[in-house]
Amino acid sequence: PTPRYRRIVIMVSRKMFAVAGGVTATVLLAAAVVMSVQSGAPASLLQTQLDANTVLTTTGQSLPLSALYEPTEPVSEFPTPTANAMSLKSPEQWLVTMNTNVGPFQMKIHRAWSPNGADRFYSLVRNNFYDGARFFRYADNFVVQWGIRGTPSIDQMYQNGANVMDDPRRADIGNTKGRVVFATSGANTRSTQVFMNLADNHFLDSQGFTPFGEIVGDDLSLFQNKINAEYGEKADQNRIISQGNQLYLKKSFPHMSYITSESVKVLAE
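At position 262 of the sequence shown (counting the first as 1) the number is 295 in this note's numbering, and the numbers step up by one without a gap.
(1) Per the DSSP calculation, Met-229 is bridged to which residue(s)?
(2) Which of the three DSSP states is assigned to Val-88 in this structure?
(3) According to DSSP, is Ile-292 helix, strand or coil?
(4) At the level of alpha carbons, what is the spacing between Gly-246 and Met-140?
(5) Nearest CA to the CA of Ser-99: which residue from Phe-175, Val-88 and Thr-92?
(6) Using CA atoms only, rank isn't needed, just tell me which of Ser-186, Lys-283, Leu-253 and Glu-110 is closest to Tyr-264.
(7) If you draw a straight line from the C-alpha of Val-299 to the C-alpha of Ala-204, how long is it?
(8) Among Thr-209, Gln-226 and His-143, which one has its Cα closest to the Cα of Ala-166?
(9) From the DSSP secondary-structure annotation, give me the bridge partner or partners of Ile-248.
(10) Can you give me the start and stop residues for the alpha helix (DSSP H) that Gln-257 sits inside?
(11) Within the continuous beta strand (DSSP E) that includes Pro-97, where are the two ends?
(12) Just to confirm before moving on: does the CB-CB distance between Thr-103 and Arg-170 stay below 8 angstroms?
(13) Report the rounded CA-to-CA distance for Phe-286 versus Val-135, giving the unit in angstroms.
(14) Should Met-289 go down as buried or exposed, given a rule of 16 or more other Cβ atoms within 10 Å for buried?
(15) With the cut-off set at 8 angstroms, would you say Gln-178 and Ala-232 are in Cβ contact?
(16) Within 10 Å of its beta-carbon, does Asp-200 have 16 or more other beta-carbons around it, so buried, or fewer, so exposed?
(17) Within 10 angstroms of its Cβ, does Ala-151 collect 16 or more other Cβ (buried), or is it exposed?
(18) Could you tell me if Thr-92 is buried or exposed, where buried requires 16 or more neighbouring beta carbons within 10 angstroms of its beta carbon?
(19) Does Asn-278 come out as helix, strand or coil in the three-state DSSP assignment?
(20) Among all the DSSP beta bridges, which residues are the ones paired with Trp-127?
(21) Given that a residue counts as buried once 16 or more other Cβ atoms are within 10 Å of its Cβ, and exposed if not, what is Gly-219?
(22) Residues bridged to Arg-203 by DSSP?
(23) Could you have a look at Arg-223 and say whether DSSP puts it in helix, strand or coil?
(24) To the nearest angstrom, how far is it from the Cα of Met-115 to the Cα of Thr-105?
(25) Ends of the beta strand (DSSP E) at Ala-172?
(26) Alpha carbon to alpha carbon, how far is Asn-117 from Lys-210?
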């Protein structure tokens, strides 16, 4: 008789592959995927399992999650700005949970608002870029800014040749309270730094500041009541980039709030 169930085992091992930009990295693609499925439809179930363990790049290439950077890996393994791992396509809508030393907050990302911005932010989050990043700028009743990792070798790498193109302005999506935007220094200069609007800052709308997400629900209160505002705008961004958390921020601003970890939940593909 035909067996009711059959077992599909996929074994994969360590593999050398070249990421974009000519950098070769060793990654563990997976240890094993073991599935027991009904003999009537194993292929579709297997594909679903594989899809859950991959991400897509903006060119349509499928990457295993193991190709993304994890905090336990050496800093030297962090992907370059041109690597496939840093060219991911954002889902249409997704939630990012950022845990901080003063509590968690969530942001809802809308790719339709700012496709290039959402793609870059998704790539940064999936590679755990913001782990350890300080909220280095607190401009009361204006913005809270973060996005310099505090690891000089990585931050310096993302200062040159890492910018993404601007997205067209949408008249219906402005800089209202709670919305999150990439910081810029001019046209087409978005890289890693972002800010959250503490107030309605519509004067920014015409200056190329395009929101890509928004703080969820009451999580805005974390920024208003828990993120440490005592240092205001005193931190020197150039020193953060050159000296990092260890040599500069921890010594000069010991109580500055920071991100401890980040995670993603896809809402709509």
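Even glycine gets a Cβ: it sits at the ideal position worked out from N, Cα and C.
A quick note: this is a predicted structure, and the numbers were derived from the prediction, not measured.
To lay it out plainly:
(1) The partner list for Met-229 (beta bridge, DSSP) reads Val-177 and Val-213.
(2) In the structure shown, Val-88 sits in a strand (DSSP, three-state: E or B).
(3) Strand at Ile-292.
(4) Cα atoms of Gly-246 and Met-140: separation of roughly 6 angstroms, rounded to the nearest angstrom.
(5) The residue from Phe-175, Val-88 and Thr-92 with its alpha-carbon nearest to that of Ser-99 is Val-88.
(6) Here the closest residue by C-alpha is Lys-283.
(7) Cα to Cα, Val-299 sits roughly 26 angstroms from Ala-204.
(8) The candidate whose alpha carbon is nearest that of Ala-166 is Gln-226.
(9) BP columns for Ile-248 point to Met-140.
(10) Counting along the chain, the alpha helix (DSSP H) containing Gln-257 begins and ends at 253 to 258.
(11) 95 to 97 is the span of the beta strand (DSSP E), which, as asked, contains Pro-97.
(12) Here the sequence assigns Glu to residue 103, which means Thr is not the residue at that position. Result no, Cβ atoms of Glu-103 and Arg-170 do not sit closer than 8 angstroms.
(13) If you take the alpha carbons of Phe-286 and Val-135, they lie about 16 angstroms apart.
(14) Met-289 comes out buried.
(15) No, they are not a contact pair.
(16) So Asp-200 ends up on the buried side.
(17) With 16 or more other Cβ atoms within 10 Å, it is buried.
(18) Residue environment: Thr-92 is assigned as exposed (fewer than 16 neighbouring CB atoms within 10 Å of its CB, all protein chains considered).
(19) Helix at Asn-278.
(20) DSSP links Trp-127 through a beta bridge to Ile-142 and Val-299.
(21) Counting of Cβ neighbours within 10 angstroms places Gly-219 among the exposed residues, the total staying below 16.
(22) Arg-203 is bridged by DSSP to nothing; it lacks a bridge partner.
(23) Residue state, collapsed to three classes: strand.
(24) Note that residue 115 is Thr in the sequence shown here, rather than Met. Distance between the alpha carbons of Thr-115 and Thr-105: 22 angstroms.
(25) Counting along the chain, Ala-172 sits inside the beta strand (DSSP E) bounded by residues 170 to 172.
(26) If I take the Cα positions, the gap works out to 34 angstroms.
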